[in-house]
Amino acid sequence: MLTRQLEESGTGVPSKERLRALAGFQQRALCHALTFPSLQRLVYSTCSICQEENEDVVQEALQQSSGTFRLVPVLPSWPHRGLNIFPGAEHCLRASPETTLTGGFFIAVLERVEVPSSVSQAKVSAPELRSSPSPAPKRKRRRRNAAAAAASSTLPCTKQEGN
595 MLTRQLEESG TGVPSKERLR ALAGFQQRAL CHALTFPSLQ RLVYSTCSIC QEENEDVVQE
655 ALQQSSGTFR LVPVLPSWPH RGLNIFPGAE HCLRASPETT LTGGFFIAVL ERVEVPSSVS
715 QAKVSAPELR SSPSPAPKRK RRRRNAAAAA ASSTLPCTKQ EGN
């Protein structure tokens with residue numbers, strides 16, 4: 595029987611191969627979520643104590659979002675914070691089995707940075723600054739009922755006076 599080793603023997607920590615795969619998936623999922631235009635706030639949470647799945651994923655997502663999102667504080671009274679590996683990591687929340695008697699978890703809240711209204715107004719009032727004009731929105735075409743279409747094409751629409 596073929597089995598896959600998910601953890602290093604008895605440590606409760608995923609193998610390096612498994613950890614890379616998990617972190618890669620979480621990175622793609624988080625970065626994809628941050629592309630949703632109406633997204634204002636996102637909670638990223640794992641049941642992991644591994645830096646690769648936690649701070650590293652959040653740091654990479656923030657770098658890829660190019661300043662569109664920032665970390666906001668999570669439960670400021672919680673004493674255990676994210677690992678201090680990048681600016682803002684102190685806003686993350688971390689729990690480990692040794693310090694909190696939990697299975698371990700991590701939470702980060704990412705919030706969209708508001709564009710100042712003067713900047714957004716400048717974009718609206720100065721369309722020549724755009725690199726290319728935006729295309730007109732496509733209009734949806736309505737389907738006509740097949741029976742109604744056939745009737746209208748064979749019968750003239752005439753209205754007789756007095757009937």
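Under our numbering, the letters of the sequence shown match residues 595 to 757, in that order. Don't be surprised by glycine CBs; every beta carbon is placed ideally from N, CA and C.
(request) Rank Pro681, His674, Glu611 and Cys686 by C-alpha distance to the C-alpha of Glu692 and give the top, closest one. (result) As a position in the sequence shown, residue 692 is number 98, starting the count at 1. Per the C-alpha coordinates, the member of Pro681, His674, Glu611 and Cys686 positioned closest to Glu692 is His674.
(message) DSSP has Ser639 in a bridge; who is on the other side?
(response) Translated into the one-based positions of the sequence shown, residue 639 becomes position 45. Ile701, per the DSSP bridge assignment.
(request) Would you tell me roughly how many angstroms separate the C-alpha atoms of Gln645 and Ala617, rounded to the nearest one? (result) The count along the sequence shown starts at 1 and reaches residue 645 at position 51. The count along the sequence shown starts at 1 and reaches residue 617 at position 23. It is roughly 9 Å from the alpha-carbon of Gln645 to the alpha-carbon of Ala617.
(request) Could you have a look at Leu613 and say whether DSSP puts it in helix, strand or coil? (result) Locating residue 613 in the sequence shown gives position 19, where the first residue counts as 1. DSSP, read as helix, strand or coil, puts Leu613 in helix.
(request) Tell me, please, which residues DSSP counts as bridged to Ala689. (result) If you number the sequence shown from 1, residue 689 lands on position 95. Ala689 pairs with Phe699.
(request) Could you tell me the distance, in whole angstroms, from the CA atom of Leu665 to the CA atom of Glu684? (result) As a working mapping, residue 665 is identified with position 71 in the sequence shown. As a working mapping, residue 684 is identified with position 90 in the sequence shown. If I take the Cα positions, the gap works out to 9 Å.
(request) Could you check if Phe700 is buried or exposed, using at least 16 other CB atoms within 10 Å of its CB as the buried criterion? (result) Here residue 700 corresponds to residue number 106 of the sequence shown, with the count starting at 1. Buried, because 16 or more other Cβ atoms sit within 10 Å of the Cβ of Phe700.
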